Structure formats: C-alpha cells, structure tokens
C-alpha cells in the first residue's frame, strides 16, 4: 500500500454541520479497506448517525461493500479504482460504492444461513451488509451499490 | 490496533482483537493462531472486548480456525462480544457454531 487515500469533502453553501458530500477513490487492494473505512467514518463523529451506528453499522457495511467491489468487481487489480461517494443529509446518509467491473446479479447469491452453508468460510458479505443498513439498491449493471442509513 | 496473545497457567491461549477483524488483517490473526496450534496449544479464547467491528471475512476466518483447532482435538471459544457483535453472530447463525462466553474469564473457567 503506497498510494495515499485522498478524501474530497464538500459542503453545500446553505447546508448545516450534518450536510456534506464525500468522495474517495480506493485502489483495488484489500489492504485499503480498513484505512478507507476509517477515513469516512471519521467524518461522522458528530451529526446525523449515532456513535454506535457509526462504529458498527456504517463501518461494517462499508467494509463489505468495498471488499466486494475490490475483490469481485475489480478483481484485485490495484490499477483499477473503486469510487465511493457519500451524501450525508439531515434525514439519511447514502453511500455509493462503484467498481469498474461487469456487475453481478445480487438475487443469485444464496442465503448463508441455509443448512450446509453456515459452516462455510465465505459467502456472508452481502447478507451482513443488507442486515446492517436500512436500504440497499444496485445499479442496473450491478457494479454500483447504494447503502442508505436513516438518521439516528 | 492488532492482536495480542497471552497464555494462562493451564496453557489456554487468549487472543485479544483490538480495533477490528476484517479483510485487511484477518490473515495476521489466522497465522498467529495457526502458529500457536503448531506449537502445541489446543485451547483458545478469542477476546472481542476491545473490538469495534468484524466483517464477513473476519467471521470466515473464525469459522476456518475453529475447524482447524477442532481437527487437532482442541477448542476455540469466543468471548466479550458487545450487543452489536452478538447480534451479528445470531443473524448469521454462527452463534450455533461457536461456544460464546460473556467474558474471557467465563470462557477460561469453562475449559
């Protein structure tokens, strides 16, 4: 990991303390997941989400989305970037994570709680992610995910 | 941040997870536990008292380690999960796979 991560922060002219936009490009190396999550979570120390939800829900869900984009979307090719865009408003936070891959069909991912799958090492990412945020949507191509956490 | 290993008088290895257990550092935990297993240790407690979050890769490495320890006739137990982390284990049904104690002391006493 040699490339530093650069977080771009923007505030709307009329917005309050809790309204801002972040954008971040992350090279497709799994070593960047932790630092990228901290960089973004650090911007939520006060405001729209409770400290508990920032510590657990936001961090875990963002780590899952980034790891999926890096490993499956961009196939661990560090020259390809995953783009993260965060829109924090008074009522909700939307986090868009977009890779440059061909996308996937989220409905084809099996439930990791099924008998015989609980003992498996992998296959829980999407399930964990869905469990921790209020809403998840995918782009039509399947290479971009949007996580929504309502305020509170 | 990181993993700390201590061994009690009876040889139970307690591994503290400070910060997070995720895709970026799970390999380090795996190697530490496998090295201890190789070195003859058979009883392990993973202590999450100081853990903020665990992602699905972190869960996966625990599943894999537990399997490897059991294959050698040992046991790997979890302790110190806060309410959110406990919920994560319940949601994924991994609470059915692991022996989970409230505190590391409780986990040690149960060995």
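Chains as they are written, first to last, in this note's numbering: chain A, 1 to 152; chain B, 1001 to 1111.
Glycine residues also receive a C-beta, built at the ideal position from the N, C-alpha and C atoms.
Quantities reported herein were computed from a predicted structural model and do not represent experimental measurements.
Per DSSP, which residues does residue i bridge with? Please list them.
i	result
residue 1125 of chain B	The structure shown does not extend to residue 1125 of chain B, since chain B spans only 1001 to 1111, so no value can be given for it.
residue 145 of chain A	A/97 and A/138
residue 21 of chain A	A/10 and A/87
residue 1005 of chain B	B/1015
residue 1053 of chain B	B/1020
residue 82 of chain A	A/26
residue 52 of chain A	Answer is none; residue 52 of chain A lacks a bridge partner.
residue 92 of chain A	A/150
Between residue i and residue j, which are expected to be in contact by the criterion C-beta below 8 angstroms, what is the C-beta distance as a whole number of angstroms?
i	j	result
residue 1042 of chain B	residue 1074 of chain B	3 angstroms
residue 125 of chain A	residue 68 of chain A	6 angstroms
residue 60 of chain A	residue 1055 of chain B	6 angstroms
residue 1051 of chain B	residue 1086 of chain B	In fact, because the Cβ distance is near 12 angstroms, the residues do not count as touching under 8 angstroms.
residue 1098 of chain B	residue 1066 of chain B	7 angstroms
residue 66 of chain A	residue 36 of chain A	6 angstroms
residue 1064 of chain B	residue 64 of chain A	That pair is no contact at about 18 angstroms.
residue 1023 of chain B	residue 33 of chain A	5 angstroms
residue 1014 of chain B	residue 1045 of chain B	5 angstroms
Let's test the definition: count the other Cβ atoms within 10 Å of the Cβ of residue i and tell me whether it reaches 16, buried, or not, exposed.
i	result
residue 81 of chain A	buried
residue 1107 of chain B	buried
residue 144 of chain A	buried
residue 101 of chain A	buried
residue 1103 of chain B	exposed
Three-state secondary structure (DSSP) at residue i?
i	result
residue 46 of chain A	coil
residue 5 of chain A	coil
residue 1048 of chain B	coil
residue 110 of chain A	coil
residue 1099 of chain B	strand
residue 27 of chain A	strand
residue 38 of chain A	helix
residue 1104 of chain B	helix
residue 121 of chain A	coil
Which residues in chain B have a C-beta closer than 9 angstroms to the C-beta of residue i? List them in chain order.
i	result
residue 119 of chain A	1063, 1067 and 1097
residue 154 of chain A	With chain A running from 1 to 152 in the structure shown, residue 154 of chain A is simply not present.
residue 150 of chain A	The premise fails here: residue 150 of chain A is roughly 17 angstroms from chain B at the closest Cβ pair, so nothing lies under 9 angstroms.
Mind listing the chain A neighbours of residue i? Cutoff is C-beta to C-beta under 7 angstroms, in chain order.
i	result
residue 1024 of chain B	30, 31, 33 and 34
residue 1093 of chain B	113 and 118
residue 1031 of chain B	The contacting residues do not exist; residue 1031 of chain B stays about 16 angstroms from chain A at best.
residue 1035 of chain B	By Cβ distance, chain A contributes nothing, its closest Cβ being about 19 angstroms from residue 1035 of chain B, past 7 angstroms.
For residue i, return the contacting residues in chain A, with the cut-off set at a CB-CB distance below 9 angstroms.
i	result
residue 1088 of chain B	56, 60, 128, 131 and 132
Going along chain B in order, which residues have a C-beta closer than 7 angstroms to the C-beta of residue i?
i	result
residue 122 of chain A	1060
Run through chain B and tell me which residues come within less than 8 angstroms of residue i, C-beta to C-beta.
i	result
residue 101 of chain A	Here the premise fails: no neighbours, minimum Cβ distance about 17 angstroms.
residue 64 of chain A	1055 and 1056
Q. Which residues, in order along the region 1044-1074 of chain B, keep a beta-carbon less than 8 angstroms from a beta-carbon of chain E?
A. No chain E appears in this structure, whose protein chains are A and B.
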